[in-house]
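Chains as they are written, first to last, in numbering that gives the first Met the number 0: chain A, 0 to 258; chain B, 0 to 434. Here a beta-carbon is modelled for each residue, glycine too, at the ideal position from N, C-alpha and C.
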Amino acid sequence: MALLQVDHMTHFFGGLRAVHDYNLSLEAGQIRGLIGPNGAGKTTVFNLLTGIHTPTEGHIHLDGQEITGKPPHRIASLGLARTFQNLCLWRHMTVLEHVKMARYSRISYGLIGAFFGTPKRHREEAAIEAKAHTLLQLVGIDHLADQVVVNLPYGAQRRVELARALAIEPKVLFLDEPTAGMNPEELVQMMEIIRRVHAEFDLAIYLIEHRLKMVMELCEVIQTLVFGEVVAEGPPEEIQTNPVVIEAYLGKEGVESSC
Amino acid sequence: MNTHSGETPAASGSLKKRLRRDLARVPLLAWLCGAMAAVVLERFCGPQLADLLGLPKVPVLFGFLIILKQPLLIPSTLVFLTLIYGLPILLLSRLLARPANRLAAFLLQAPLAVSVLVHLALFYGTLHLWSDLSAYRVLTLKLTLIAVMLTLSLNVINGYMGEFSCSHPAFMALGAYAASVMTLLFFVKDKQFGEALLPPALGPFMFPLVLVVAGAVAAIGALVIAIPSFRTRGDYLAIISLAFLFIVKSLIENLEWLGGPRGLSSQPNYASLPTVFAWAAACIWIINNFVRSTLGKALNAVRDDEIAADAMTVDTRRTKMVAFLFGAFWAGVAGGLFAHVLRYVNPGSFGRQNLAEVLAMVYFGGLNSVYGSIVGAVSLSLLGEALRPLELFKWIIIPLMLILVMIFRPTGLIAFREFDVRKLVQPKQNPDQEV
Numbered sequence: 000m001a002l003l004q005v006d007h008m009t010h011f012f013g014g015l016r017a018v019h020d021y022n023l024s025l026e027a028g029q030i031r032g033l034i035g036p037n038g039a040g041k042t043t044v045f046n047l048l049t050g051i052h053t054p055t056e057g058h059i060h061l062d063g064q065e066i067t068g069k070p071p072h073r074i075a076s077l078g079l080a081r082t083f084q085n086l087c088l089w090r091h092m093t094v095l096e097h098v099k100m101a102r103y104s105r106i107s108y109g110l111i112g113a114f115f116g117t118p119k120r121h122r123e124e125a126a127i128e129a130k131a132h133t134l135l136q137l138v139g140i141d142h143l144a145d146q147v148v149v150n151l152p153y154g155a156q157r158r159v160e161l162a163r164a165l166a167i168e169p170k171v172l173f174l175d176e177p178t179a180g181m182n183p184e185e186l187v188q189m190m191e192i193i194r195r196v197h198a199e200f201d202l203a204i205y206l207i208e209h210r211l212k213m214v215m216e217l218c219e220v221i222q223t224l225v226f227g228e229v230v231a232e233g234p235p236e237e238i239q240t241n242p243v244v245i246e247a248y249l250g251k252e253g254v255e256s257s258c
Numbered sequence: 000m001n002t003h004s005g006e007t008p009a010a011s012g013s014l015k016k017r018l019r020r021d022l023a024r025v026p027l028l029a030w031l032c033g034a035m036a037a038v039v040l041e042r043f044c045g046p047q048l049a050d051l052l053g054l055p056k057v058p059v060l061f062g063f064l065i066i067l068k069q070p071l072l073i074p075s076t077l078v079f080l081t082l083i084y085g086l087p088i089l090l091l092s093r094l095l096a097r098p099a100n101r102l103a104a105f106l107l108q109a110p111l112a113v114s115v116l117v118h119l120a121l122f123y124g125t126l127h128l129w130s131d132l133s134a135y136r137v138l139t140l141k142l143t144l145i146a147v148m149l150t151l152s153l154n155v156i157n158g159y160m161g162e163f164s165c166s167h168p169a170f171m172a173l174g175a176y177a178a179s180v181m182t183l184l185f186f187v188k189d190k191q192f193g194e195a196l197l198p199p200a201l202g203p204f205m206f207p208l209v210l211v212v213a214g215a216v217a218a219i220g221a222l223v224i225a226i227p228s229f230r231t232r233g234d235y236l237a238i239i240s241l242a243f244l245f246i247v248k249s250l251i252e253n254l255e256w257l258g259g260p261r262g263l264s265s266q267p268n269y270a271s272l273p274t275v276f277a278w279a280a281a282c283i284w285i286i287n288n289f290v291r292s293t294l295g296k297a298l299n300a301v302r303d304d305e306i307a308a309d310a311m312t313v314d315t316r317r318t319k320m321v322a323f324l325f326g327a328f329w330a331g332v333a334g335g336l337f338a339h340v341l342r343y344v345n346p347g348s349f350g351r352q353n354l355a356e357v358l359a360m361v362y363f364g365g366l367n368s369v370y371g372s373i374v375g376a377v378s379l380s381l382l383g384e385a386l387r388p389l390e391l392f393k394w395i396i397i398p399l400m401l402i403l404v405m406i407f408r409p410t411g412l413i414a415f416r417e418f419d420v421r422k423l424v425q426p427k428q429n430p431d432q433e434v
């Protein structure tokens, strides 16, 4: 069984079938892409896999363990981290606090430590902090550690999300449009960071992306989702020339230009 | 002044600047010494000076009461305040700044606790001497400290966690009644519960335990609210907790063995000033520890974006439950102290008015901030006392101030500020001191 194995996942929002018979086998260390036109259900797939919604049918296994229907924080602490499409940051907290927070499930000092400030707590908090700084250095925003996130530029906020997700020490990382709203320069930097992160932690990465350039360069396998169904799956070159994909993206007349 | 009118603004400007720069160097230790000196001065020279200035007696609460009752005495009150408090504090803390800085630095070489204890001892000494002058001051001080505990514990729920809870007076009532029943049952002979079950001499030593149990009772009450209301998101908590407040109040009113509407009285005199002070200090210390730990910061994460918190391994439901029970616990402890300070409780003390007061203190002082809670609780309880002569107008002035604060600083006076004890007690060395 693959590291992340999804079998016949289907989900209905009321009467609307958002995802239909979705299958995935994501191997360790693999980078996969999920593309599809707006409203195809890409983010819904992510939300289903990370436990925000429970699929109506189907099974999800992470590292051999069934995670279907588990609450998001359990799934996350089992090693499935994610970033969000529209930046879900905590607006009153600093960058450093964001990254530290993602270590929540590994904190062992408990409430006694929290209430009375035991030496164990101070040691553990110091260790978490050191770890957080390393991650911030990795994504290149360590100098912003004490800033409140709302004051940061957009690109930096994306990096905070990435560092925060990495602090979970995930086996699988989901990136929901990591370059949305970025300018070309930031885009190149982000791709560089993703490559670095992938190499350093030997992560399996699954990313939703609209910019085909990015998906084509990074991913080994790409799935194309249209109206909740996978219409094509394969290596980038194959997807690029697949007529079904082109039709889904560009329409039959090819009015819209991609990226 | 008139002859040099051209130079005055510049001169006064630089004077102001110098004063500010000088005062920025004064560490907390020096301020406390100054305050201590002022209090000692008042103790020895206060009555004579008051006599000299034609004041009926030493102004009990910084002259607020006198000013409102007899406006003609305003000038002499002001002179009194300047001579007894203003000048000695300013001069002495300025003079002591340098040695106090050195002392503070020396103390910090030992563990932080030593520094903190020295400061607390000095602070307590000042308060003790200040309040020794009249029973009214003692009572006001105790009630203010209890208000600080209440405000801070409510801030954990309404500020740090960002839910709106209305049941704080109910938790306080649970704590107050639980503690009263325990002390009356075990340590006092009274009409309601008969003979004391334990030797009364044990009482003062068991009182901390009594308060902890009182807090636990309040926390159990909180569990009743937390289980249904934290299943879902939204305004449920506000509604359920408001209902809980009324349920608890009418329950107590109708339970005859709890004294019914008459309440319970003749609680033993265990809540002395040092006891209340120690509990308030412990409350501030523990709550501050909690909200500054990553476990406590999880509250902020849940408040700012619950989905993101959940996705980052934070057990949101557990976090909310813990914080809610924790807040209720401290409200219960504060209630227990309250009952033993007044030595009388009745259901009427824990109603909507009490709720309004605590909420006002939290929102006035500032959300998500220990400083804010302290400032809010102290200023509103002192203001409440000071405006007492105005009677009904008090309830026009205080809400008006609250409205103004909400307009100009929507999150309160001192919101989102970390309470760093080390920063507070450390020496204030100015870099340009050597120049």
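Identity of the residue in the options nearest residue i by Cα
i	options	result
residue 325/B	389/B, 171/B, 176/B	171/B
residue 145/A	98/A, 113/A, 137/A	98/A
residue 150/B	389/B, 302/B, 398/B, 286/B	286/B
residue 76/A	235/A, 189/A, 100/A	100/A
residue 248/A	37/A, 4/A, 29/A	37/A
residue 92/A	160/A, 121/A, 80/A, 25/A	160/A
residue 212/B	342/B, 182/B, 308/B	182/B
residue 18/B	369/B, 92/B, 260/B	92/B
residue 363/B	158/B, 34/B, 76/B	158/B
residue 116/A	229/B, 218/B, 294/B, 257/B	294/B
residue 30/A	236/A, 173/A, 179/A	173/A
residue 299/B	153/A, 24/A, 96/A	96/A
residue 415/B	403/B, 99/B, 367/B, 384/B	367/B
residue 73/A	313/B, 338/B, 427/B, 412/B	313/B
residue 147/A	207/A, 26/A, 176/A, 90/A	90/A
residue 85/B	73/B, 140/B, 64/B, 34/B	34/B
Residue i - DSSP class collapsed to helix/strand/coil
i	result
residue 24/A	strand
residue 224/A	strand
residue 133/B	coil
residue 245/B	helix
residue 21/B	helix
residue 102/A	coil
residue 59/B	coil
residue 328/B	helix
residue 234/B	coil
residue 52/A	coil
residue 392/B	helix
residue 417/B	coil
residue 246/A	helix
C-alpha gap between residue i and residue j, whole angstroms
i	j	result
residue 333/B	residue 154/B	14 Å
residue 25/B	residue 109/B	21 Å
residue 18/A	residue 378/B	57 Å
residue 241/A	residue 233/A	10 Å
residue 5/B	residue 13/B	At residue 5/B the pLDDT is 42, less than 50, meaning the model places this residue with poor confidence; the figure from the coordinates comes in the next sentence. Cα-Cα distance, rounded: 14 Å.
residue 184/B	residue 323/B	29 Å
residue 223/B	residue 4/A	41 Å
residue 340/B	residue 176/B	13 Å
residue 430/B	residue 20/B	For residue 430/B, the predicted structure reports a pLDDT of 42, less than 50, and the residue's modelled location is therefore unreliable. A value from the coordinates is still provided. Taking the straight line from one Cα to the other gives about 11 Å.
residue 222/A	residue 235/A	9 Å
residue 264/B	residue 342/B	6 Å
residue 186/A	residue 162/A	17 Å
residue 57/B	residue 400/B	29 Å
residue 32/B	residue 258/B	47 Å
residue 59/B	residue 349/B	28 Å
Chain-ordered chain E contacts of residue i [CB-CB under 8 Å]
i	result
residue 103/A	Absence of chain E from the displayed structure is noted, the protein chains being A and B.
Residues sharing a beta bridge with residue i, DSSP
i	result
residue 81/A	173/A
residue 9/A	56/A
residue 93/A	147/A
residue 205/A	31/A, 173/A
residue 233/A	221/A
- Message: Tell me whether the region 353 to 370 of chain B and the region 273 to 280 of chain B touch, counting them as touching only if at least three CB pairs, one residue from each stretch, are closer than 8 Å.
- Response: no
- Query: Touching or not, the region 53 to 60 of chain A and the region 80 to 91 of chain A, by the rule of three or more beta carbon pairs under 8 Å?
  - Reply: no
- Are at least three pairs of beta-carbons, each pair with one atom in the region 234 to 252 of chain B and one in the region 371 to 386 of chain B, less than 8 Å apart? no
- Task: Check whether the region 254 to 268 of chain B touches the region 343 to 351 of chain B, counting contact only when three or more Cβ pairs, one atom from each stretch, lie closer than 8 Å.
- Result: yes
- How do the region 96 to 103 of chain B and the region 38 to 47 of chain B stand: do at least 3 beta-carbon pairs fall below 8 Å, yes or no? The region 96 to 103 of chain B, when compared against the region 38 to 47 of chain B, does not touch it at the 8 Å Cβ threshold.
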